[in-house]
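Below is one structure, written out as structure tokens, with a few remarks after it.
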Amino acid sequence: MARKLSLAFIILMLLWGAYGLASGGLNLTGLVFEDSNSNGVLDMGEKPLPGVVVSDGEAVTTTDANGSYRIQTDMGRIVFVSAPGTHHAPENKFYTRTESLAKGKDKLDFPLTLNDDTVDNNEFTFVFVTDTHAAAIRNAPEGIRKAYGEVEKLNPAFVIHGGDVILDALKAADEDKVVAQYELYTRQLAPVIKQPFYHTIGNHDVFGWIGLPNPKRPTKLYGKKAYEKYLGPTHYSFNYKHCHFVVLDSIGRTKDPVDGSTYYGVVDKGQLEWLRKDLSQIKASTPVILVTHIPTVNALGSVYGLRGDVVSTPSGEKAPKHQIANFPELFGEVLGNHNLKLALAGHYHTYEAIHWKTNQADALLVVGGSICGEWWKGDRTIGPASWPEGFTVIQVDGEQFKPNYVSYGWKGTEEQ
Ligand SMILES: [Fe+2]
């Protein structure tokens with residue numbers, strides 16, 4: 000009987016293994032720990048970190064008392080650690096693409112570094128930069144070095160980028176030109192900032208939706224894959240001191256991807272499901288900061304004669320192109336029982352801060368100007384209003400968030 004049972008067990012395990020291989024499944028385990036000597040290995044005397052969230056953008060798990068986690072994921076996904084409020088991943092290595100793991104390797108550790116600011120208070124300063132639109136045009140690389148150099152001088156706790164990192168991949172048909180922009184940005188420009196630097200996907204970071212609307216054979220970098228290759232997951236979270244930051248992908252694809260109406264603002268169902276799980280790991284009182292490229296709610300669309308384009312969603316409904324169409328669901332059902340304090344966005348290259356105060360929320364909704372102004376041609380101008388090239392410095396003191404938009408003194412040029 001015992002022999003029969005053990006035979007059945009072996010067959011079951013073989014079938015499970017075969018299923019895993021066939022489906023690209025990966026049963027990943029690893030450690031999250033404080034890597035005091037920065038050698039990537041948990042040494043004697045180094046501290047494992049319990050209760051840290053690890054996710055692949057769908058499943059969410061936490062480390063046990065030994066800093067150990069286990070996650071069932073798939074090849075092609077990105078696994079990330081949601082940094083605890085006390086630590087960060089050195090060199091922005093908070094994520095790994097499962098494809099980059101050596102064949103047969105099912106171990107992935109996250110060595111973390113203790114934050115510089117270990118003072119036990121609820122005060123810190125961070126910087127929000129957005130719409131850099133990096134490319135070798137005009138004097139853009141010089142402008143970006145200047146902007147990021149000014150950010151670096153402020154020595155913020157960390158920096159968040161609100162998307163449209165590169166000039167444009169959306170209208171591109173030539174993958175080499177897209178790769179050149181991402182390479183320029185990730186190798187030469189982003190490293191100017193030495194602090195932890197978190198990125199968000201923007202509509203111009205998506206490859207080919209307009210330039211190659213319906214390719215017969217999409218390349219490996221088609222759509223959002225280019226962004227994922229160079230900048231990591233399109234939705235994730237991290238913590239700093241008492242605050243929980245959530246970065247989301249707000250770029251949806253319209254029903255008929257033709258004549259420029261290819262994208263619209265939405266947070267898709269998969270992300271909302273992940274977000275519910277992510278938020279279940281924090282207290283209801285924890286201040287939440289939401290980051291998207293396309294704004295949730297903004298005032299600009301209702302002034303200066305701008306009405307905002309309306310597009311058709313995949314289900315045939317009409318939706319605003321330049322605001323998050325399902326923000327009532329996002330703010331209501333998903334974030335409604337949490338302490339949303341700040342929402343940061345880009346997209347318009349303009350600056351505004353709305354105080355969104357309801358019975359359920361008391362939050363500032365900020366659209367954070369742009370690094371590039373009018374795409375490196377000068378100040379962003381709409382009707383009688385204009386905004387300089389700049390970034391937003393945010394001072395946090397407990398539940399108070401004070402954003403301040405500052406120019407870095409760049410003068411754009413009409414020349415190519
Ligand atoms: Fe932009």
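Sequential numbering of the sequence shown, starting at 0, is according to numbering that gives the first Met the number 0. Cβ coordinates follow ideal geometry from the N, Cα and C atoms, glycine included. The structure presented is a predicted model; accordingly, all values stated were derived computationally and were not measured.
9 Å Cβ cutoff met for residue i and residue j
i	j	result
E182	F206	no
H292	G368	no
N423	E272	Since the first and last residues shown for the chain are 0 and 415, residue 423 lies out of range.
L30	S67	yes
E274	H234	Just to set this straight, residue 274 is Leu in the shown sequence, not Glu. Cβ distance < 9 Å, so L274 and H234 count as in contact.
I70	V53	yes
T124	T97	no
W375	T349	no
A342	T295	yes
A352	L334	no
K83	N238	Note on identity: in this sequence residue 83 is Pro, with Lys being the wrong assignment. The answer is yes: Cβ separation under 9 Å.
V246	T199	yes
D204	A179	no
D361	E122	no
S236	S37	no
V290	H243	no
F196	I159	yes
F157	Q194	yes
K170	G210	yes
Y407	T391	no
N114	H86	yes
I381	L299	yes
F79	T61	no
D248	Q280	no
L107	L41	no
G201	G161	yes
Proximity test, residue i beta-carbon vs ligand 1 heavy atom, cut-off 8 Å
i	result
V337	One point to set straight first is that residue 337 is His, not Val, in the sequence displayed. For ligand 1, not one heavy atom lies less than 8 Å from the Cβ of H337.
G377	no
Distance cut-off 8 Å: residue i Cβ against heavy atoms of ligand 3
i	result
K268	Of the ligands one can find in the structure shown, namely ligand 1, none is ligand 3.
Interface flag, residue i vs chain D, CB-CB below 9 Å
i	result
D34	Here there is only one protein chain, and chain D is not present.
- Task: Flag this pair as touching only if the stretch 228-238 and the stretch 130-146 have three or more C-beta atom pairs under 8 Å; answer yes or no.
- Result: Two segments are said to touch when three or more pairs of C-beta atoms, one from each, lie closer than 8 Å; by this definition the stretch 228-238 does not touch the stretch 130-146.
- Mind listing, in chain order, the continuous beta strand (DSSP E) runs of no fewer than 3 residues lying wholly within the stretch 289-349? Entirely contained in the stretch 289-349, the beta strand (DSSP E) runs reaching 3 residues are, in chain order, 309-311, 317-319, 338-344.
- Message: When you compare the stretch 125-132 with the stretch 40-52, are there three or more beta-carbon pairs, one atom per stretch, that lie closer than 8 Å?
- Response: no
- Mind listing which residues have their beta carbon within less than 7 Å of any non-hydrogen atom of ligand 1? Chain order is fine. D130, H132, D163, G201, H203, G345, H346, H348, S369
- Message: Would you call the stretch 259-270 in contact with the stretch 307-316, where contact means no fewer than 3 C-beta pairs closer than 8 Å?
- Response: yes
- What runs of the beta strand (DSSP E), each 3 residues or longer, lie entirely inside the stretch 34-121? 52-54, 59-61, 67-73, 77-81, 94-96, 109-113
- Could you pull out every unbroken beta strand (DSSP E) segment of at least 3 residues lying fully inside the stretch 136-211, listed in chain order? 158-160
- Message: Whether or not the stretch 81-98 and the stretch 310-319 are in contact is what I'm after, with contact meaning three or more pairs of Cβ atoms, one per stretch, closer than 8 Å; do they touch?
- Response: no
- Does the stretch 376-386 come within contact of the stretch 145-165, defined as at least 3 CB pairs closer than 8 Å? no
- Message: Would the stretch 54-64 count as touching the stretch 208-215 if we require 3 or more Cβ pairs under 8 Å?
- Response: no
- Query: Can you give, in chain order, each stretch of the alpha helix (DSSP H) that sits fully within the stretch 237-276 and has at least 4 residues?
  - Reply: Within the stretch 237-276, no complete alpha helix (DSSP H) run reaches 4 residues.
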